[in-house]
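Residue numbers (UniProt numbering): 1 to 512.
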């Protein structure tokens, strides 16, 4: 039999005291009190609540009459089991929501959290989800060790808003070796990933109504942050050489957002001529450039492409990188290279946002980079991603049969696969069929503002091993054959019939 347990009771102040106590006891019983538990003696409960004993006796008597408690002579009162069923709750009256801020309305209007592109597909056995980094058990072990070490010596005080000096120094060394960007630790701001970086850029550089040029197609999360700040969007086309700089409105544009080293989502690499043209545009018009180098670490053929920031002589580029893509999204650490004239503004904006990024994680990451662990992780990851990418490309070519066009960007963790002659609605049909087979596929359509004349898929390979990619491709081929069958495979073309000829008496031939 459960022993007597303390009960938290709060009177609601509505009506007689015994009625208030009765309601409070019912709520406590329905809130998890065990059947058979002994209630406090009436004298003790009256003392604890500052009530008269008669008030408590009246409440107990009412509960006994309603079947909530059992009275046992000489033993006390006990909670009944089972308790009487609770009456149905009164209908909820929807209250009108008061006016929000203009920014809150913008955020609500431009973002639906239940419809974020690229999310997990429910029930999928395999998924070509993009933006998912490779799972590395060795990294998990190493990171746990770094966190444990950092927790022992990291100051419990607030870290500097700009970020720990050790991590800023390690980031500078990494950028010089890997991305050709030579800056000092005072130029680095540690942020909570790319998403916070673009929010800080918008806060520092934009006023409501300012025009921002974004790539078409583009990463929609960046556009939504800018819209929430009241920016006006100008979509600028992307071709095989990257952003078409000539389409930018010359005098109206305050900020240009680009992914020059590996355009998202198409994978195009901005040519040197276009880079020079964009930097010239910024210098002439006073525009700023947001360079999103979200996965510049992973390139599989040819020399690494230097960052646009490495060519900037006028300090117009705000360069942003992230450790979350190279390691794992839960890390939520990235960095922003601040133009010298904007350092104080960005540090103030970071302080306003969250004071600073977590200190223990910063210290752990700084040591992980300085000790060489980060470089070893990048080399292993690049080797494994190359194998996965090759397996995906080989499998897609095998099942294409003229139905697929593969954009091979030689970089990143996803491929774009076009379906020539098929529109977005037909691609959606393929996605739905694949989901029914347990395969997650993702259309490229959400990243365009304007409808396109061809549909395509974004196929990520970072989250699947080579055997898993091969198994997923079997499901993909089955869906492809079901939705877009190859007619020649179903009904081989008939050869034209050769009709025999006969000659008439004058030597002329005619068909028989």
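From the three backbone atoms N, C-alpha and C, an ideal C-beta is built for every residue, glycine too.
Report buried or exposed for residue 449, applying the criterion of at least 16 other Cβ atoms within 10 angstroms of its Cβ.
Here residue 449 corresponds to residue number 449 of the chain shown, with the count starting at 1. Exposed, since its Cβ has fewer than 16 Cβ neighbours within 10 Å.
Between the Cα of residue 273 and the Cα atoms of 156, 19 and 308, which residue gives the shortest distance?
As a working mapping, residue 273 is identified with position 273 in the chain shown. The shortest Cα separation from residue 273 among 156, 19 and 308 belongs to 308.
What is the C-beta distance between residue 211 and residue 232, in whole angstroms, given that I count them as a contact (C-beta under 8 Å)?
Along the chain shown, read from residue 1 onward, the residue named residue 211 stands at position 211. Along the chain shown, read from residue 1 onward, the residue named residue 232 stands at position 232. 5 Å between Cβ atoms; contact.
Please state if the CB of residue 403 and the CB of residue 454 are separated by a distance shorter than 9 Å.
Position 454 of the chain shown, counted from the first residue, corresponds to residue 454. Position 403 of the chain shown, counted from the first residue, corresponds to residue 403. No, the Cβ-Cβ distance between residue 454 and residue 403 is not below 9 Å.
Count the other CB atoms, across all protein chains shown, that sit within 10 Å of the CB of residue 20; report buried if there are 16 or more and exposed otherwise.
The residue labelled residue 20 in the question sits at position 20 within the chain shown. Under the 10 Å beta carbon count, residue 20 is surrounded by 16 or more other beta carbons and is classified as buried.
Could you have a look at residue 202 and say whether DSSP puts it in helix, strand or coil?
For the purposes of this step, residue 202 is identified with residue 202 of the chain shown, where counting begins at 1. Here residue 202 sits in helix by DSSP.
Determine contact between the stretch 384-397 and the stretch 176-196, defined as no fewer than three beta-carbon pairs at a distance below 8 Å.
no
Which full runs of the beta strand (DSSP E) of 3+ residues lie inside the stretch 429-478, going along the chain?
455-460
Evaluate contact between the stretch 466-480 and the stretch 427-435, counting only Cβ atoms and requiring at least three cross-stretch pairs below 8 Å.
yes
Would the stretch 284-291 count as touching the stretch 164-172 if we require 3 or more Cβ pairs under 8 Å?
no
Here's the rule: buried if 16 or more other CB atoms are within 10 angstroms of the residue's CB, otherwise exposed. What is residue 352?
Here residue 352 refers to the residue found at position 352 when the chain shown is read from its first residue. So residue 352 counts as exposed.
Could you pull the start and end residues of the beta strand (DSSP E) that residue 414 belongs to?
Here the question's residue 414 lines up with position 414 in the chain shown. Looking at the DSSP string, the run of the beta strand (DSSP E) that includes residue 414 is 414-419.
Residue 242: which of 276, 30 and 222 sits nearest, CA to CA?
Within the chain shown, numbered from 1, the residue matching residue 242 stands at position 242. Per the Cα distances, 276.
Provide the residue span of the beta strand (DSSP E) that contains residue 237, from first to last.
Taking the chain shown and counting its residues from 1, the one referred to as residue 237 is at position 237. Note, residue 237: beta strand (DSSP E), 232-239.
Report the partner residues of residue 361 according to the DSSP bridge assignment.
For the purposes of this step, residue 361 is taken as residue 361 along the chain shown, with counting starting at 1. DSSP lists no partner for residue 361.
Taking only runs of the alpha helix (DSSP H) that begin and end inside the stretch 345-415, which ones reach a length of at least 4 residues, in chain order?
359-370 and 373-400
Determine the direct distance from the alpha carbon of residue 258 to that of residue 294, and round the result to whole angstroms.
On the chain shown, position 294 is the one that residue 294 refers to. On the chain shown, position 258 is the one that residue 258 refers to. Roughly 11 Å separates the two Cα atoms.
At what residue ranges does the stretch 254-337 contain a whole run of the beta strand (DSSP E), taking only runs of 3 or more?
288-293, 317-322 and 334-337
Is the separation between the beta-carbon of residue 475 and that of residue 438 shorter than 9 Å?
Mapped onto the chain shown, residue 475 falls at position 475. Mapped onto the chain shown, residue 438 falls at position 438. In contact: residue 475 and residue 438 (Cβ atoms closer than 9 Å).
Quick one: is residue 490 buried, meaning 16 or more other Cβ sit within 10 Å of its Cβ, or exposed?
Taking the first residue of the chain shown as 1, we reach residue 490 at position 490. Here residue 490 scores only 42 on pLDDT, less than 50, and its place in the model should not be relied on; the value that follows carries that caveat. So residue 490 ends up on the exposed side.
Is it buried or exposed, residue 116, if we count other Cβ atoms within 10 angstroms and call 16 or more buried?
Taking the first residue of the chain shown as 1, we reach residue 116 at position 116. Answer is exposed; the Cβ neighbour count stays below 16.
In chain order, what residues of the same chain lie with their CB nearer than 8 Å to the CB of residue 239, ignoring the 5 residues before and after it?
Against the chain shown, residue 239 aligns to sequence position 239. Within the same chain, residue 239 has close Cβ partners 268.
Whose C-beta lies closer than 6 Å to the C-beta of residue 494 among residues of the same chain, with five residues either side of it excluded?
Here residue 494 refers to the residue found at position 494 when the chain shown is read from its first residue. The pLDDT assigned to residue 494 is 48, lower than 50, so where the model puts this residue is not dependable; a value taken from the coordinates is nonetheless given after this. Nothing listed; no residue qualifies.
Which one of 180, 138 and 120 has the shortest CA to CA distance from residue 132?
The residue you call residue 132 lines up with position 132 of the chain shown. Restricting attention to 180, 138 and 120, the CA atom closest to the CA of residue 132 is found in 120.
Specify, as a first and last residue, the run of the beta strand (DSSP E) that residue 211 falls within.
If you number the chain shown from 1, residue 211 lands on position 211. Residues 211-216.
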